[in-house]
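Position one of the sequence shown corresponds to residue 1 (full-length UniProt numbering), numbered consecutively onward.
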Amino acid sequence: MDFQSLEKLTAEKYKKHASRTFNYGTAGFRTKADDLETVLFRMGVLAVVRSKAMKAHIGMMITASHNPACDNGVKIVDPRGEMMAVAWEEHATVLANAEDLQLVASVQQLLQQENINQQQPAIVVVGRDTRPSSDVLHAAAVAGVRAVGGQVVECGVVTTPILHYRVVCANDGGSYGTPTNEGYSKKLADAFLKLQGTGGSQSRYSSELQFDGANGVGGCQMSIMAPSLAAALTITQYNDGKGDGVLNYKCGADHVKTTQSWPGGVPATAGTRCVSVDGDADRVIYSFLDSNGAFHLLDGDRIATLIAGYLKQLLTRAQVSLKLGLIQTAYANGASTQYINGTLGVPVGCAKTGVKFLHHMALDYDIGVYFEANGHGTVLFSDAAKKSIREAAAAGNSVAERLCSVIDVINETVGDAISDMLLVEVILKEQDWSVEDWNKQYTDLPNRLVKVLVADRSVISTTNAERSCVTPAALQPAIDNLLRSTEFATANARAFCRPSGTEDVVRVYAEASTRELADSLSTKVSQLVFDHAGGVGARPK
Ligand code: 16G
Ligand code: MG
Numbered sequence: 001m002d003f004q005s006l007e008k009l010t011a012e013k014y015k016k017h018a019s020r021t022f023n024y025g026t027a028g029f030r031t032k033a034d035d036l037e038t039v040l041f042r043m044g045v046l047a048v049v050r051s052k053a054m055k056a057h058i059g060m061m062i063t064a065s066h067n068p069a070c071d072n073g074v075k076i077v078d079p080r081g082e083m084m085a086v087a088w089e090e091h092a093t094v095l096a097n098a099e100d101l102q103l104v105a106s107v108q109q110l111l112q113q114e115n116i117n118q119q120q121p122a123i124v125v126v127g128r129d130t131r132p133s134s135d136v137l138h139a140a141a142v143a144g145v146r147a148v149g150g151q152v153v154e155c156g157v158v159t160t161p162i163l164h165y166r167v168v169c170a171n172d173g174g175s176y177g178t179p180t181n182e183g184y185s186k187k188l189a190d191a192f193l194k195l196q197g198t199g200g201s202q203s204r205y206s207s208e209l210q211f212d213g214a215n216g217v218g219g220c221q222m223s224i225m226a227p228s229l230a231a232a233l234t235i236t237q238y239n240d241g242k243g244d245g246v247l248n249y250k251c252g253a254d255h256v257k258t259t260q261s262w263p264g265g266v267p268a269t270a271g272t273r274c275v276s277v278d279g280d281a282d283r284v285i286y287s288f289l290d291s292n293g294a295f296h297l298l299d300g301d302r303i304a305t306l307i308a309g310y311l312k313q314l315l316t317r318a319q320v321s322l323k324l325g326l327i328q329t330a331y332a333n334g335a336s337t338q339y340i341n342g343t344l345g346v347p348v349g350c351a352k353t354g355v356k357f358l359h360h361m362a363l364d365y366d367i368g369v370y371f372e373a374n375g376h377g378t379v380l381f382s383d384a385a386k387k388s389i390r391e392a393a394a395a396g397n398s399v400a401e402r403l404c405s406v407i408d409v410i411n412e413t414v415g416d417a418i419s420d421m422l423l424v425e426v427i428l429k430e431q432d433w434s435v436e437d438w439n440k441q442y443t444d445l446p447n448r449l450v451k452v453l454v455a456d457r458s459v460i461s462t463t464n465a466e467r468s469c470v471t472p473a474a475l476q477p478a479i480d481n482l483l484r485s486t487e488f489a490t491a492n493a494r495a496f497c498r499p500s501g502t503e504d505v506v507r508v509y510a511e512a513s514t515r516e517l518a519d520s521l522s523t524k525v526s527q528l529v530f531d532h533a534g535g536v537g538a539r540p541k
């Protein structure tokens, strides 16, 4: 490798910001866009090194997902579509923070440490969202890749799931799909239309829906796909990014889920499904207003249980014996866990927050469904599972044939709002369910998620997939005590706290049989966190 160009660009164009340290967290680097140009340049370099190490195409997605429009970020995607290996997060952090004059030495050290063949060609697949800063950051990333002799494959402005799809297709010689944006859209639309057929005599399901694009790239992608879906789905788009609406502002999946309210910019039409995606379209949330105008949320837990229940039904009907399981996080509503385990009889596992942890646990099953309550999730099929389903289909098993199309409509490479939406629509139509019917399957326990400010959130450590606190030592016994008190002991109550991986706060989640109890529990646990873990500012009340 030749480092002249890297040295020159570092000295002249991409000088490091003094006095800031960057940390590669759960979702890569994410912060105010103005601070990120140098980081993106360096991540271009890192992606080249990672590509050489893996002898494969590596992905780079420039986005800050559901964060405000002024933020941006970058995630590196490994060859099979997973988030970059945890061991390399530290390498990314080191490169991002190296002094300008130390940068080349840091890269050389990394090459040596990981025993990388410098002659190995490197290819980086780059995508970006619609943020105003994404063009400048994209230019910096590409400059970084080229400075050390890497080749760039441009995806343009795309959703995060398209970028993951493109990385996977580029690495497997196109067997997962055609490695183009059009290839992605066509694969999903074709599988969807095949599953929906034409017409049908549904009395409860309606093919009409409202799509809330969060004023981001999900809106753009839906504009591209909606015409090809029109035979089976009547989509009216809002917050599509074409007007003067602001990205993620009072709309989109994160807003709807966290505020538990109807998105701005979407007409309040009773009984119509509203599909909200986040700023990079890897999360999806459904909601609707009933005839009294009351708001109802159908979140990731609800989508996961719908999908797992449906897959179980198909497997039984196809008489294909495969191990199906569902992975949730501690945030999953207790009612959903109870429903899927008790009523549907599908085993449920709990992973730490963060896509990579869920993804990893889902691989334990032949068919692993994973979803975070926030709407990020997908389904993974093992090679063996695909093989037995395809063999059954080839032998004339029509249910197995349907399962093959279900596999094609799913984006296995990462959670994908549009792909998940299409699958939900397939299931609702097949069950002939209205959105109310879907909502009736179980009743969510009232819950509350709040933030507590502490001086140093790293004093809190957790175990048992974040459901119990290890330190500060006295905190978990205090929470347990509270849960055993007469007030909560018989109220299906559950609570936990964990340090956020993306914000400087501690998150407290509480649920209980009534809204009052859930609120009171969240306040009391917040006070315990505040008292035991060095709370700052006003004590929660
Ligand atoms: C990141 C994670 C998301 C998780 C969220 C939790 C990825 C790609 N994204 O956005 O899965 O739900 O962090 O944030 O893993 P928190 O740690 O601030 O609660
Ligand atoms: Mg996202």
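Here a beta-carbon is modelled for each residue, glycine too, at the ideal position from N, C-alpha and C.
Pairwise C-beta distances place the stretch 325-338 out of contact with the stretch 264-281, as fewer than three of them are shorter than 8 Å.
By the beta-carbon neighbour count (other beta carbons within 10 angstroms, threshold 16), G345 is exposed. The ligand MG approaches H66 closely enough that one of its heavy atoms is under 7 Å from the residue's Cβ. Under the 10 Å beta carbon count, A384 is surrounded by fewer than 16 other beta carbons and is classified as exposed.
Here R494 carries a strand assignment [DSSP, helix/strand/coil]. Measuring C-alpha to C-alpha distances from A140 to each of R131, E82, T159 and L36 identifies L36 as the nearest.
With a cutoff of 7 Å, T258 does not count as near the ligand MG, since its C-beta is closer than that to no heavy atom of the ligand. Secondary structure of Y238 (DSSP, three-state): strand. Here A281 carries a coil assignment [DSSP, helix/strand/coil].
Straight-line spacing of the CA atoms in E412 and V379 works out to 6 Å. Going by beta carbons, Y339 and Y442 fall inside the 8 Å limit.
The beta carbon of D254 is closer than 6 Å to those of H66 and D278 in its chain, skipping five residues each way along the sequence. Within its own chain, the residues whose Cβ lies closer than 8 Å to the Cβ of P267, once the five positions on either side in sequence are excluded, are Q210 and Y238, listed in chain order. Within 7 Å of the C-beta of R484 there is not a single heavy atom belonging to the ligand MG. For K356, the Cβ falls inside the 7 Å cut-off from some heavy atom of the ligand 16G. Counting of Cβ neighbours within 10 angstroms places L363 among the exposed residues, the total staying below 16. If you ignore the 5 residues before and after V158, its C-beta comes within less than 7 Å of the C-beta of G127, N181 and V217, all in its own chain and listed in chain order. With at least 16 other beta carbons inside 10 angstroms of its own, T31 counts as buried.
8 Å or more divides the Cβ of A47 from the Cβ of P132. Distance from the Cα of I410 is smallest, within the candidate group S419, L297, R402 and H376, for S419. Listed in chain order, the beta strand (DSSP E) runs fully inside the stretch 120-200 are 123-128 and 151-157, counting runs of at least 3 residues. Note that the stretch 48-60 does not touch the stretch 6-16; fewer than 3 beta-carbon pairs, one per stretch, sit closer than 8 Å. Proximity to I123 across Q527, I235, E487 and C155 peaks at C155, based on C-alpha coordinates. Minimum Cα-Cα distance from T502 among the listed residues M54, D71 and M61 corresponds to D71. Per DSSP, V217 lies in no beta strand (DSSP E); the unbroken alpha helix (DSSP H) holding it starts and ends at V217 to L229.
The closest heavy atom of the ligand MG lies less than 7 Å from the beta carbon of R283. Separation of the CB atoms of H164 and G81 is rounded to 4 Å, and the pair is thereby assigned contact status at 8 Å.
Less than 8 Å divides the Cβ of M1 from the Cβ of V148. Residue environment for R515: exposed (fewer than 16 other C-beta atoms within 10 angstroms of its C-beta). The beta carbon of S522 sits no closer than 7 Å to any heavy atom of the ligand 16G. The stretch 298-318 makes contact with the stretch 415-435; the number of CB pairs closer than 8 Å reaches 3 or more. Taking the CA atoms as reference points, D299 sits about 29 Å from G177. Our two residues, D531 and Q328, have alpha carbons roughly 30 Å apart in a direct line. Nearest Cα to S206 within the set E436, C469 and E391: E436. The alpha-carbon separation between I407 and A395 amounts to approximately 18 Å.
Between P227 and the set K386, F192 and A392, the nearest pair of CA atoms involves F192.
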